[in-house]
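In terms of my numbering, the sequence shown opens at residue 3 and continues consecutively.
Glycine residues also receive a C-beta, built at the ideal position from the N, C-alpha and C atoms.
Predicted, not measured: the structure shown is a model, and the values here were computed from it.
The structure under discussion appears below in the form of structure tokens.
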Amino acid sequence: MSEYDTSASPPPPPLVTSAPQEERTLALVAHLLGILTWFVGALVVWLISKDANPSKPFATDQAKEALNFQITIAIAYVACFILTIVSLGLLSFLGFLVWVANVVFCIIAAVKANNGEAYRYPATLRLIK
Numbered sequence: 003m004s005e006y007d008t009s010a011s012p013p014p015p016p017l018v019t020s021a022p023q024e025e026r027t028l029a030l031v032a033h034l035l036g037i038l039t040w041f042v043g044a045l046v047v048w049l050i051s052k053d054a055n056p057s058k059p060f061a062t063d064q065a066k067e068a069l070n071f072q073i074t075i076a077i078a079y080v081a082c083f084i085l086t087i088v089s090l091g092l093l094s095f096l097g098f099l100v101w102v103a104n105v106v107f108c109i110i111a112a113v114k115a116n117n118g119e120a121y122r123y124p125a126t127l128r129l130i131k
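Listed below in structure tokens is the structure:
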């Protein structure tokens, strides 16, 4: 491998063996709020948990992951809107498919986070590092 290797795989989740219940609940809320509030809920949870004292690494990581996924979903909605306009409505079902994927992945992530397991969404742009 070269030093310029550009791997597209997501970063590995942090090695957290047992997150406290409060952190798991914050992570659960960050994932589930994505269904209702898009990126706003995950952003609020991330901002609360990253500056918390004492630090909450599990909640911060999962809120950041949820925020990145919701930003990716917002970009997908914009792409679906443009494709719907260009195709004169033939591809109008794509928005529904993005919504279904959002709901399914958010529920899976919430269950994993509540169990204390770090979850990584597939095909997510990791814009917030």
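Please report the Cβ distance between Q64 and A120, rounded to the nearest whole angstrom; I am assuming they are in contact, meaning their Cβ atoms lie under 8 Å. 7 Å
Should the region 50 to 62 be regarded as contacting the region 92 to 108, the criterion being three or more beta carbon pairs within less than 8 Å? no
Would you call the CB atoms of A44 and A32 closer than 8 Å? yes
So V100 and A68 are supposed to be a Cβ contact under 8 Å. How far apart are they, rounded? No, V100 and A68 are not in contact; Cβ-Cβ is about 16 Å, not under 8 Å.
Is I109 a contact residue of the ligand ATP, with contact defined as CB to any heavy atom under 7 Å? Judged by which ligands are present, the structure shown has none, so any question about the ligand ATP falls away.
Does the Cβ of I73 have 16 or more other Cβ atoms within 10 Å, making it buried, or fewer, making it exposed? buried
Report the CB separation of K58 from L28 in whole angstroms; it is logged as a contact under 8 Å. 7 Å
Residue range of the alpha helix (DSSP H) that includes D63: P59 to V88
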